[in-house]
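As numbered in the numbering used here, residues 4 to 580 make up the sequence shown, in order.
The block underneath contains the structure these notes are about, expressed in structure tokens.
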Amino acid sequence: MPTLRIALAQDNPIVGDLDHNADLIRRAASAATVAGAHLLATGEQSLTGYPVEDLALRHSFVEASRDRLVRLAEEIAADGNGSLPVAVGYLDADGPVGSTTGHGIRNALALLQDGKVLFRYYKHHLPNYGVFDEDRWFVAGHELHLARIGGVDVAFTVCEDVWGGVPFTVAEEAGAGLVININASPYEQGKHERRLAVVKERAAGVGAPVAYLNTVGGQDDLVFDGGSMIVAADGSIISSARRFASELLVTDVECPAASRAIANHSSSLMSTSLHVLSEEPAAIETRIEPTFAPELGRHEEVWEALRLGLADYVNKNGFPSVLLGLSGGIDSAVTAVLARDAIGADRVHTVANPSQYSSQHSLDDAADLAERCGLHHVVEPIQPIVDAYLAEIAVSGLALENLQARVRGVIWMSLSNQHGHLVLAAGNKSEYAVGYSTLYGDSCGGFAPIKDVLKTLVYELANWRNEKARSLGETEPIPENIIMKPPSAELRPDQLDSDSLPDYAVLDGILVGYVDGDAGREDLVEQGYPADVVERIAGLVDRAEYKRRQSAPGTKITVKSFGRDRRLPITNHFRGK
Numbered sequence: 004m005p006t007l008r009i010a011l012a013q014d015n016p017i018v019g020d021l022d023h024n025a026d027l028i029r030r031a032a033s034a035a036t037v038a039g040a041h042l043l044a045t046g047e048q049s050l051t052g053y054p055v056e057d058l059a060l061r062h063s064f065v066e067a068s069r070d071r072l073v074r075l076a077e078e079i080a081a082d083g084n085g086s087l088p089v090a091v092g093y094l095d096a097d098g099p100v101g102s103t104t105g106h107g108i109r110n111a112l113a114l115l116q117d118g119k120v121l122f123r124y125y126k127h128h129l130p131n132y133g134v135f136d137e138d139r140w141f142v143a144g145h146e147l148h149l150a151r152i153g154g155v156d157v158a159f160t161v162c163e164d165v166w167g168g169v170p171f172t173v174a175e176e177a178g179a180g181l182v183i184n185i186n187a188s189p190y191e192q193g194k195h196e197r198r199l200a201v202v203k204e205r206a207a208g209v210g211a212p213v214a215y216l217n218t219v220g221g222q223d224d225l226v227f228d229g230g231s232m233i234v235a236a237d238g239s240i241i242s243s244a245r246r247f248a249s250e251l252l253v254t255d256v257e258c259p260a261a262s263r264a265i266a267n268h269s270s271s272l273m274s275t276s277l278h279v280l281s282e283e284p285a286a287i288e289t290r291i292e293p294t295f296a297p298e299l300g301r302h303e304e305v306w307e308a309l310r311l312g313l314a315d316y317v318n319k320n321g322f323p324s325v326l327l328g329l330s331g332g333i334d335s336a337v338t339a340v341l342a343r344d345a346i347g348a349d350r351v352h353t354v355a356n357p358s359q360y361s362s363q364h365s366l367d368d369a370a371d372l373a374e375r376c377g378l379h380h381v382v383e384p385i386q387p388i389v390d391a392y393l394a395e396i397a398v399s400g401l402a403l404e405n406l407q408a409r410v411r412g413v414i415w416m417s418l419s420n421q422h423g424h425l426v427l428a429a430g431n432k433s434e435y436a437v438g439y440s441t442l443y444g445d446s447c448g449g450f451a452p453i454k455d456v457l458k459t460l461v462y463e464l465a466n467w468r469n470e471k472a473r474s475l476g477e478t479e480p481i482p483e484n485i486i487m488k489p490p491s492a493e494l495r496p497d498q499l500d501s502d503s504l505p506d507y508a509v510l511d512g513i514l515v516g517y518v519d520g521d522a523g524r525e526d527l528v529e530q531g532y533p534a535d536v537v538e539r540i541a542g543l544v545d546r547a548e549y550k551r552r553q554s555a556p557g558t559k560i561t562v563k564s565f566g567r568d569r570r571l572p573i574t575n576h577f578r579g580k
């Protein structure tokens, strides 16, 4: 069998920064040339960043993408890498937006060589579920392109094509010896294992290796976890790239030789075009040893997703630093340590805002954590400000509790205005689900790093992060007191979360069914949850929709996060069974 040296550029592009992204591709092309690669692939929409969302509807942006692609081809050649075929994901158009005649905006892949665009492939399967809305922007393509490189017919596909499968069926019919699949596939728990299973299935169906390339990096509430891989027809992993890190994966891949004459293959599913670049098998003097990425445990995987999502949101949006209220509770503790891991202790500012109901142990725990992590920490009591409000307006009960939270929010946002900090909201998915937060109070902020993390998982992550520190011989970042004490908002005397909510293990179990699984009330009762508890929690979730609509974005880690994944009306009188 011929052997091709394949380079997969697992990079971290920035949406809309075409020059920066082009530079990433150029650097990858130079590195691939030095490594002796015969083909370089870059990620889905690697030139524009992904997802571009409604930027796809701006003609100026589409034209900028098309023009930058042509210049990129010329630049790669000028860099001395022109002979290297380079597959680039970008945004294209072949007709007016919204046309019903098969023209319009395209999620595209182009193959570049010798300073030119050799062909353009348009993504066939357009996902329109979960976080994806590609039917809103793109028109599907119906022609599969293959390039004969080193005597191997290489088919090119984009992301959802590997899940839908039609281009892979056509690739098998056309005798492809290798299929390239470029992706911007966002992370969620369990997704990497599902990808691997699908890629193995496609490789077996084609009877040839599949090179699965994924993007890495955070983009608003999504994070792309990399984990690129090349899988053989027998299902074995030939090589793999790290998760949550940029990497150029270079691999020698044995591929079935091209067996058909130079002619386009006809299929009832898609038309095909074959482009001949080189007939002779590629020369390889010294084989490269394959690399295999280490597997990540469940908690490390989630932590890395949250860390990268936060780091890229801060850095790509140009914030110099972050600020959060450090209460001495578990949520703000995990958020603070996560921020330290993401952007460094010198860029993390914390503030404790005690009221008359704040316990001394919470203040001490907050200060202890800040000292352990090397954070900038100050104490700004809120009671004088609360008293000033009370001198003007008479409030009590829940209104007084929320007033305290809102005074804290005012302080955080004032410090943000003064110093340019990004305020981090420390709420978790359990609390966002049932509305256990104060609008314009503890929920205020520009990013919510653990917004998609259930409370039970917050505790697990705290214990895991401390265990990791111990294994490295480092100081545990989170004081044991914070992990062990009962959670409390400390807005009234002797307050505990359990006064208002069921045990978090019960609450989270209901939420996984009701929110993530769209289960009905009766379904949850059949699973063993008390009917009155189910009824109460479902009602809280439904009524809190208006709060969630006003919440900051946060990194998605579950199958159904609040926001893109779960879209329900605020004004809604339906009560299901």
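A virtual CB, placed ideally from N, CA and C, is assigned to each residue, including glycine.
Cα-Cα separation, Ala408 to Leu418:
Computed Cα separation, rounded: 16 Å.
In the DSSP output, what is Ala177 paired with across the bridge?
None; Ala177 has no bridge partner.
Just to confirm, are Gly516 and Asp526 a CB contact at a threshold of 8 Å?
Going by C-beta atoms, Gly516 is nearer than 8 Å to Asp526.
In the structure shown, what three-state DSSP assignment does Glu479 receive?
Coil, per DSSP.
In the DSSP output, what is Val253 paired with across the bridge?
DSSP output for Val253 lists Ala10 as bridge partner(s).
Stretch pair the segment 296 to 305 + the segment 244 to 255: three plus CB contacts closer than 8 Å
At 8 Å Cβ cutoff, the stretches touch.
For the segment 119 to 134 against the segment 146 to 165, do three or more pairs of beta-carbon atoms, one drawn from each stretch, fall closer than 8 Å, so that the two count as touching?
Counting Cβ pairs under 8 Å, three or more are found: they touch.
Using DSSP with H/G/I as helix, E/B as strand and the rest coil, what is Leu2?
Residue 2 is absent from the structure shown; the chain starts at 4 and stops at 580.
Rounded separation between His424 and Asn318 - CA only:
About 12 Å.
Among Arg71, Ser243, Ala90, the one whose alpha carbon lies nearest that of Thr160:
If we check each option's Cα against that of Thr160, Ala90 comes out closest.
Here's the rule I'm using: 16 or more other beta-carbon atoms within 10 Å means buried, otherwise exposed. How should Leu311 be labelled?
With 16 or more other Cβ atoms inside 10 Å of its own Cβ, Leu311 counts as buried.
Cβ neighbour criterion (16 or more within 10 Å) applied to Thr558:
Within 10 angstroms of the beta-carbon of Thr558 lie 16 or more other beta-carbons, which makes it buried.
Neighbour-count burial assignment, Met273, 16 or more Cβ in a 10 Å radius
Under this definition Met273 is a buried residue.
Cα-Cα separation, Glu537 to Ala522:
According to the sequence displayed, residue 537 carries Val and not Glu. Spanning the two alpha carbons is a distance of roughly 11 Å.
Along the alpha helix (DSSP H) that carries Asn466, what are the first and last residues, could you check?
Segment 458 to 474, the alpha helix (DSSP H) holding Asn466.
With burial defined as no fewer than 16 other Cβ atoms inside 10 Å of the residue's Cβ, what is the status of Tyr532: buried or exposed?
By the 10 Å Cβ count, Tyr532 comes out buried.
Are the Cβ atoms of Ser281 and Gly153 separated by less than 8 Å?
In this structure, the beta-carbon distance from Ser281 to Gly153 falls below 8 Å.
Span separating the alpha-carbon of Glu146 from that of Val120
Rounded to whole angstroms, the gap between the alpha carbons of Glu146 and Val120 is 16 Å.
Reduced DSSP category for Ser358 - H, G, I as helix; E, B as strand; rest coil:
Of the three classes helix, strand and coil, the one that applies to Ser358 here is coil, per DSSP.
Quick check: the Cα distance between Leu313 and Arg539, rounded to an integer number of angstroms?
Each residue's alpha carbon lies about 33 Å from the other.
What does the alpha-carbon distance come out to for the pair Glu175 and Leu43?
Cα-Cα distance, rounded: 22 Å.
Jot down the residue ranges of each uninterrupted alpha helix (DSSP H) in the segment 318 to 384, minimum 4 residues, whole runs only, in chain order.
Inside the segment 318 to 384, DSSP marks whole alpha helix (DSSP H) runs of 4 or more residues at positions 333 to 346, 363 to 376, from first to last along the chain.
Backbone CA spacing between Met4 and Ala261 [nearest angstrom]
Met4 and Ala261: Cα-Cα distance of roughly 10 Å.
What's the gap between the Cα of Glu483 and the Cα of Arg411?
Spanning the two alpha carbons is a distance of roughly 25 Å.
Burial state of Lys580, where buried means 16 or more other Cβ atoms lie within 10 Å:
The C-beta of Lys580 has fewer than 16 other C-beta atoms within 10 Å across all chains shown, which makes the residue exposed.
Our contact map puts Leu94 next to Val134 with C-beta atoms below 8 Å; I'd like the distance itself, whole angstroms only.
No, Leu94 and Val134 are not in contact; Cβ-Cβ is about 18 Å, not under 8 Å.
How far does the alpha helix (DSSP H) with Thr160 in it extend, from its first residue to its last?
Counting along the chain, Thr160 falls outside any alpha helix (DSSP H), though it belongs to the beta strand (DSSP E) covering 155 to 161.
Chain-order list of residues whose beta-carbon lies under 6 Å from that of Gly105 (same chain, five-residue window excluded):
Note that Gly105 scores a pLDDT of 49, beneath 50, so its modelled location is shaky; the value from the coordinates is reported in the next line. Here Gly105 has no same chain residue with a Cβ atom under 6 Å from its own Cβ, once five neighbours each way along the sequence are excluded.
Lys119 - partner residues in DSSP beta bridges
Partner(s): Gln116.
In three-state terms, what does DSSP make of Met232?
Correct three-state label for Met232: strand.
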